[in-house]
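Everything in the sequence shown is counted per the working numbering, starting at 119 for the first residue and increasing by one.
Glycine is no exception: its CB is placed at the ideal position from the N, C-alpha and C atoms.
Report on the following structure.
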Amino acid sequence: EQNALLERVVEENNPIDVCDIYVFSGIVAYIYSRYELAAALVQKRHELEKNMLRTPLWSGVTAFYDGLIFLAMAHNSSEFEWSSKISNVMSNVKKFEQIGKSNNEHKLLLLEAEIKSRMGEKDNALKKYQLAIAAAEKNGFIHEQAVANERAADFFLRNNDKDKASQYYGEAYSLYLKWG
Numbered sequence: 119e120q121n122a123l124l125e126r127v128v129e130e131n132n133p134i135d136v137c138d139i140y141v142f143s144g145i146v147a148y149i150y151s152r153y154e155l156a157a158a159l160v161q162k163r164h165e166l167e168k169n170m171l172r173t174p175l176w177s178g179v180t181a182f183y184d185g186l187i188f189l190a191m192a193h194n195s196s197e198f199e200w201s202s203k204i205s206n207v208m209s210n211v212k213k214f215e216q217i218g219k220s221n222n223e224h225k226l227l228l229l230e231a232e233i234k235s236r237m238g239e240k241d242n243a244l245k246k247y248q249l250a251i252a253a254a255e256k257n258g259f260i261h262e263q264a265v266a267n268e269r270a271a272d273f274f275l276r277n278n279d280k281d282k283a284s285q286y287y288g289e290a291y292s293l294y295l296k297w298g
């Protein structure tokens with residue numbers, strides 16, 4: 119069904135719709151830990167956006183998930199390959215956070231938590247995860263609150279705290295169910 123939709127919008131020569139499909143397919147791939155697929159979809163979207171007069175309206179969302187995808191890829195491969203992409207994303211997310219704090223604060227905090235975690239700054243990472251979760255909850259971003267809880271759970275698992283990891287995975291699961 120998704121392939122048929124993609125074929126139709128490509129045939130109709132509607133790059134905005136194709137970009138939207140890449141955005142949302144990339145988000146789903148990320149949520150299901152299909153990081154290579156998510157990164158490939160981001161790359162396809164970026165190639166398409168180079169030839170567009172304007173980009174889709176999802177800029178804050180795409181920057182956020184691009185950052186999460188790039189951080190996941192950096193964890194699984196050469197960090198150097200992804201570091202400039204992560205830096206560019208962080209710059210964009212910071213701009214979006216200044217423009218619309220309630221829509222983007224939790225996004226910036228979660229990306230910062232992931233970076234702190236990668237750098238081995240456990241205390242700072244934990245603080246950022248907690249702040250990201252609280253900001254997402256406060257502003258009604260239940261799906262991104264779920265993502266933040268899952269990322270925090272992964273953090274605890276990497277740091278051998280299975281009890282905390284289980285707690286955060288449980289909360290993420292509950293939030294994903296609420297989200298639908």
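*asked:* Classify R269: buried if its beta carbon has 16 or more other beta carbons within 10 angstroms, exposed otherwise.
replied: buried
*May I have a chain-ordered list of the alpha helix (DSSP H) segments no shorter than 4 residues that lie completely inside the stretch 226-291?*
240-256 and 260-276
*Whole alpha helix (DSSP H) runs in the stretch 173-206 with 4 or more residues, listed along the chain?*
177-194
*Please report how far the alpha carbon of A190 lies from the alpha carbon of R126, in whole angstroms.*
31 Å
*Identify the continuous alpha helix (DSSP H) that holds R152 and give its terminal residues.*
Unbroken run through R152: none, as it is neither H nor E.
*With burial defined as no fewer than 16 other Cβ atoms inside 10 Å of the residue's Cβ, what is the status of S143: buried or exposed?*
buried
*Inter-stretch contact at 8 Å, needing at least 3 Cβ pairs: the stretch 252-261 / the stretch 208-228*: yes
*Quick one: any contact between the stretch 128-148 and the stretch 164-172, if contact means 3 or more CB pairs under 8 Å?*
yes
*Tell me which same chain residues have a C-beta within less than 7 Å of the C-beta of A264, skipping the five on either side of it?*
A290, L293, Y294 and W297
_CB contact flag (Y150, L186, <7 Å)_ = no
*When DSSP labels each residue in this structure, what does K219 get in the three-state scheme?*
helix
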